[in-house]
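**Q** Residue numbers (our numbering): 47 to 502.
The C-beta atom is built at its ideal place from N, Cα and C for all residues, glycine as well.
Here it is, the structure in full.
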């Protein structure tokens, strides 16, 4: 079991002050998004805006935020990421195998193919160029799958893994990479949609569909997503769901105790996710399961994610990014080109119908996070005339727990540290070829035809 330390009132007060500072940054992010339409057009979240403000106010720039508070913000990431991941499999019912194979199969393929490519290509670049000539840390090869497909949350959550493996700078570099990936995903995604639209391959495209004129909803658009099935006289609805998440995290710590006996460096968040699955399986046959409301779980995870992003971005170490600017710049450009290549070359071959509508959310996930994929899909198919929404959503239970911020993502640094970038790079690219061969064998991979405009 992890060491349990007594926290005195002074430490708790410092934590409350740190959360108060983060709250100010989040509200400043909301205000700036409302005031600057360009921030809304590029879908920069308030948490990222607030984090950048905190970074500028920190010791690397104007020095308004004291170093002690910055240290607290940096430490929050490892705690909050467990809360984000713990409810992922809790209250999640899997679709039938037949339904998943038919509609989500190509999306599942793309999730694994892109993740393995995002590790394989950087790993070989590290082995042949940046390790021998620039003395770059071998773990550098793992930051892009964690930060682009995983986003800011996973990038921050990997701090524990990188530190355990002797590379404490990894999380800061990954957070910088996640910021670039998010912006690149939105900008390049809209460029790609314009290109295919001019080619006549997309008839439902609405470039204004993804742009909200205001962050303030109209009264007619307001909805109440969460539901409570428990009387408030018994326990508050949020308290009940937070208890489930906290128990899942506790189970994650117990699992980590045993995992550390075998291999060190596995962060807490994938184990907390497994803890959520255990909680799900335990309460599934009991009356407690009827009280579980997935939107409420998602709301709690969303709160943790917002505070995680703002704290992690504000605590980015600028000197670390400057020290690694050469490999960061070169590999980032290579990864950007790789994502565009996958979009145009793999997309038409793996998706038989409406390849653009199905591929564009995958491009968003490759470069940013699921939210970027969904907003690009909303622009490509604003009236949901294709099955892309359903297939993209159904892939999540089969891919999100493993790649793009899941268990396999957490294991990549450990495997690189143990086997080296050469074998990991070859292994990941071999898995890409294996996935292609499997897709061909089952008839999922087909030579693309000349694509006319997508039809409903």
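Under three-state DSSP, which class holds residue 403?
**A** Residue 403 falls in the helix class under three-state DSSP.
**Q** Which residues mark the beginning and the end of the alpha helix (DSSP H) in which residue 239 is found?
**A** Its alpha helix (DSSP H) spans residues 216-244.
**Q** On a Cα-Cα basis, can you pick out the residue from 363, 337 and 299 that is closest to residue 278?
**A** The residue with the shortest Cα to Cα distance from residue 278 is 337.
**Q** Could you tell me which of 346, 317, 325 and 327 sits nearest to residue 285, measuring between CA atoms?
**A** The shortest Cα separation from residue 285 among 346, 317, 325 and 327 belongs to 346.
**Q** Comparing alpha-carbon positions, which option in 215, 308, 282 and 210 lies nearest residue 365?
**A** The option with the nearest alpha carbon to residue 365 is 215.
**Q** With a floor of 4 residues, list each alpha helix (DSSP H) that falls wholly inside the segment 405-483, ordered by position along the chain.
**A** Complete alpha helix (DSSP H) runs here, min 4: 416-426, 434-440, 442-445 and 453-465.
**Q** In this structure, does DSSP put residue 139 in helix, strand or coil?
**A** Residue state, collapsed to three classes: coil.
**Q** Taking 8 Å as the threshold (C-beta atoms), are residue 194 and residue 412 in contact?
**A** Contact flag set, yes.
**Q** On a Cα-Cα basis, can you pick out the residue from 422, 311, 396 and 401 that is closest to residue 407?
**A** Minimum Cα distance to residue 407 is reached at 422.
**Q** Taking residue 92 as the reference, which of 288, 241, 353 and 126 has the closest Cα?
**A** Considering only alpha carbons, the answer is 353.
**Q** Helix, strand or coil for residue 206 per DSSP?
**A** Here residue 206 sits in helix by DSSP.
**Q** Quick one: what's got a C-beta closer than 6 Å to residue 340's C-beta in the same chain, skipping five residues either side?
**A** Taken in chain order, the residues that qualify are 137.
**Q** Going by alpha carbons, who is nearest to residue 247 out of 426, 84 and 379?
**A** The shortest C-alpha separation from residue 247 is found at 426.
**Q** Just checking, does the segment 178-187 make contact with the segment 431-440 on the three C-beta pairs under 8 Å criterion?
**A** The segment 178-187, when compared against the segment 431-440, does not touch it at the 8 Å Cβ threshold.
**Q** Just mark residue 224 as buried or exposed, buried being the case when its beta carbon has 16 or more other beta carbons within 10 Å.
**A** Classification for residue 224: buried.
**Q** Would you identify the three-state DSSP class for residue 398, choosing helix, strand or coil?
**A** If DSSP states are grouped into helix, strand and coil, residue 398 belongs with coil.
**Q** What number of angstroms, rounded off, separates the C-alpha of residue 400 from the C-alpha of residue 85?
**A** Whole-angstrom Cα-Cα distance: 30 Å.
**Q** Is it the case that the Cβ atoms of residue 207 and residue 459 are separated by a distance below 8 Å?
**A** Against a cut-off of 8 Å, the Cβ pair of residue 459 and residue 207 comes out as a contact.
**Q** On the CB-based measure, 16 or more other CB atoms within 10 Å of its CB, does residue 332 come out buried or exposed?
**A** Answer is exposed; the Cβ neighbour count stays below 16.
**Q** Could you check whether the segment 355-362 touches the segment 114-132, counting it as contact only if at least three pairs of C-beta atoms, one from each stretch, sit closer than 8 Å?
**A** Because the criterion of three Cβ pairs below 8 Å is met, the segment 355-362 and the segment 114-132 touch.
**Q** Reducing DSSP to helix, strand and coil, say where residue 358 ends up.
**A** Three-state DSSP puts residue 358 in a helix.
**Q** Taking Cβ to Cβ, would you say residue 314 is nearer than 8 Å to residue 299?
**A** In this structure, residue 299 lies closer than 8 Å to residue 314 by Cβ.
**Q** To the nearest angstrom, how far is it from the Cα of residue 64 to the Cα of residue 317?
**A** Cα-Cα distance, rounded: 27 Å.
**Q** Straight-line CA distance for residue 104 to residue 250?
**A** Spanning the two alpha carbons is a distance of roughly 45 Å.
**Q** Does the separation of the CB atoms of residue 319 and residue 134 fall below 8 Å?
**A** Yes. Within cutoff.
**Q** Hey, quick one: how far does the alpha helix (DSSP H) through residue 303 stretch, first residue to last?
**A** Element bounds for residue 303: 283-305.
**Q** Taking residue 95 and residue 78 to be in contact with their CB atoms under 8 Å, please state how far apart those CB atoms are, rounded to whole angstroms.
**A** Confirmed, about 5 Å.
**Q** For residue 98, collect the residues of the same chain with a Cβ closer than 7 Å to its Cβ; drop the 5 residues on either side in sequence, then sort them by chain order.
**A** Here the set comprises 359.
**Q** Which residues mark the beginning and the end of the alpha helix (DSSP H) in which residue 118 is found?
**A** First-last of the alpha helix (DSSP H) with residue 118: 113-131.
**Q** Which whole-angstrom value is the C-beta distance of residue 219 and residue 374, which I expect to be below 8 Å?
**A** Their Cβ separation, rounded to whole angstroms, is 7 Å, which keeps residue 219 and residue 374 in contact under 8 Å.
**Q** Which residues in the same chain have their Cβ closer than 7 Å to the Cβ of residue 283, if we skip the five residues on either side of it in sequence?
**A** The answer, listed in chain order, is 274, 276 and 342.
**Q** Assuming residue 475 and residue 166 are in contact, meaning their beta carbons sit under 8 Å apart, how far apart are those beta carbons, in whole angstroms?
**A** Between residue 166 and residue 475 the Cβ distance is about 4 Å, and since that is below 8 Å, they are a contact.
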